[in-house]
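A.B. asks: Submitted below is the structure of interest, expressed as structure tokens.
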Amino acid sequence: MQTLNHNGTTFLLMGLPGLEKMYIWLSIPLCTMYIVAVAGNSLILWVVRSETVLHQPMYYFLSMLAMTDLGLSFSTLPSMLAIYLLGQQQVEVNACLAQLFFIHTFSIMESSVLLSMAFDRFVAICNPLRYTTILPSPRVAGLGFAIIVRSVGLHVPAPIMLKRLPYCHSGQLSHSYCLHPDVMKLACADTRVNSAYGLFVVLSTLGLDSMLIVASYVLILHAVLAIASQAERLKALNTCVSHICAVLLFYTPMIGLSMIHRFGKQASPCIRVLLSYLHFLMPPVLNPIVYTIKTKQIREKILHFFQSNGARRRVRQEH
1 MQTLNHNGTT FLLMGLPGLE KMYIWLSIPL CTMYIVAVAG NSLILWVVRS
51 ETVLHQPMYY FLSMLAMTDL GLSFSTLPSM LAIYLLGQQQ VEVNACLAQL
101 FFIHTFSIME SSVLLSMAFD RFVAICNPLR YTTILPSPRV AGLGFAIIVR
151 SVGLHVPAPI MLKRLPYCHS GQLSHSYCLH PDVMKLACAD TRVNSAYGLF
201 VVLSTLGLDS MLIVASYVLI LHAVLAIASQ AERLKALNTC VSHICAVLLF
251 YTPMIGLSMI HRFGKQASPC IRVLLSYLHF LMPPVLNPIV YTIKTKQIRE
301 KILHFFQSNG ARRRVRQEH
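Laid out in structure tokens, this is it:
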């Protein structure tokens, strides 16, 4: 069997199977989602930067989440546009390895930021008097730097290890972008080391982060139930709603996709692709919307921005 481990190696990405004739139409909602994701997260970053009252740990973490969502969107965008707009499903091996590095790196960053935001809510509710002391701006910046080092450091070996493998299978991947387990399955060599490395990364990041987030909310719930006033309880829990939505948006499709890959061998390829879209595309689209709806300061700043632009346009038209 001929191996394909050379510079001309290409992999074949998968769109939505059976809907190839509708790809150009499917590109419209997909492009709309990317536009909404980029515009929404950029707007969040602009609001937090320009509004001094938002220069607080909670909003710094929100800015980190927005930057991570932008990175995730730009990591998946090239291959998605190539498939649905250009009908180009082939991807060169080096480009594929670069893409999987960025996708997995930003995924771990998002998980780490969600964990940091859970810690932020825990401190704000359980120890509000020491909130600014425990989370001063330099410490928040340090956490952000640690998140970057952790995410990048853990995934640098992935493309290097995959690059050294020979590939002799059909080269058809299961998703619309390159992912580590997907590429690894196409190798015709022993991949136990790669598999063990991938499992270690998942357990030490996504697995550990999710458990710590759950533990944080157990402690938060315990503290909230100790509050005598029901109104104060609801007020405290209301500050966590946006973060809970972000956690569910990120982890629920990921768990479903993982279960299907391991136990749903007979599941339709279309379901796998759709679940991966939910996991990688929906959080960048919906996170800014959720935080805008639930955060009064952000909502008011955005409304003021659009009202000011509308007033300026009316003045120009009158003149």
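My numbering puts the first residue of the sequence shown at 1, with every later residue one more than the last.
From the three backbone atoms N, C-alpha and C, an ideal C-beta is built for every residue, glycine too.
Given the structure is predicted, the values throughout are model-derived calculations rather than measurements.
1) Output needed for D209: all residues of its chain with C-beta closer than 6 Å, excluding positions within five of it in sequence on either side, in chain order.
2) Is the beta carbon of L206 less than 8 Å from the beta carbon of P159?
3) Could you check whether L30 and Y84 sit closer than 8 Å to each other, using their CB atoms as the reference points?
4) Rounded to the nearest angstrom, how far is the Cβ of N41 from that of P284, given a contact under 8 Å?
5) In angstroms with no decimal places, state the Cα-to-Cα distance between A246 and S63.
6) Can you tell me where the beta strand (DSSP E) holding V91 begins and where it ends?
7) What residue range does the alpha helix (DSSP H) around T133 cover?
8) Should the segment 113 to 133 be called in touch with the segment 225 to 244, which here means at least 3 C-beta pairs below 8 Å?
9) Taking L16 as the reference, which of D120, L275, Y291, L257 has the closest Cα?
10) Does A267 come out as helix, strand or coil in the three-state DSSP assignment?
11) So, for S151: in the same chain, excluding its five sequence neighbours on each side, which residues have a beta-carbon less than 7 Å away from its beta-carbon?
12) Could you give the residue range of the alpha helix (DSSP H) that holds T32?
13) If the criterion is Cβ atoms closer than 8 Å, does the pair L13 and S258 meet it?
14) Straight-line CA distance for A82 to E92?
15) Could you check whether A189 and P166 sit closer than 8 Å to each other, using their CB atoms as the reference points?
16) Does DSSP put Q56 in a helix, a strand or coil?
17) Taking the alpha helix (DSSP H) that L143 belongs to, which residues open and close that run?
18) Could you check what DSSP says for T10 in three-state terms: helix, strand or coil?
19) Do A66 and P269 come within 8 Å of each other at the CB atom, strictly closer than that value?
20) In this structure, does DSSP put Y167 in helix, strand or coil?
21) Please classify A246: does DSSP put it in a helix, a strand, or coil?
22) May I have the straight-line CA-CA distance separating S229 from S216, to the nearest angstrom?
23) According to DSSP, A187 sits in a beta bridge with which residue or residues?
24) Do you know how far the Cα of I103 is from the Cα of I255?
25) Using a Cβ-Cβ cut-off of 7 Å (strictly less than) and excluding sequence neighbours within five positions of M68, which residues of its own chain qualify?
C.D. replies: Straight from the coordinates:
1) S111, L115
2) no
3) yes
4) 6 Å
5) 13 Å
6) 90 to 92
7) 131 to 134
8) yes
9) L275
10) coil
11) T105, I108, M109, S112
12) 23 to 50
13) no
14) 13 Å
15) yes
16) coil
17) 137 to 155
18) strand
19) no
20) strand
21) helix
22) 22 Å
23) Y167
24) 17 Å
25) It is worth fixing the name first, because residue 68 is Thr in this sequence and not Met. So the qualifying residues of the chain are F106, M109, E110, V113.
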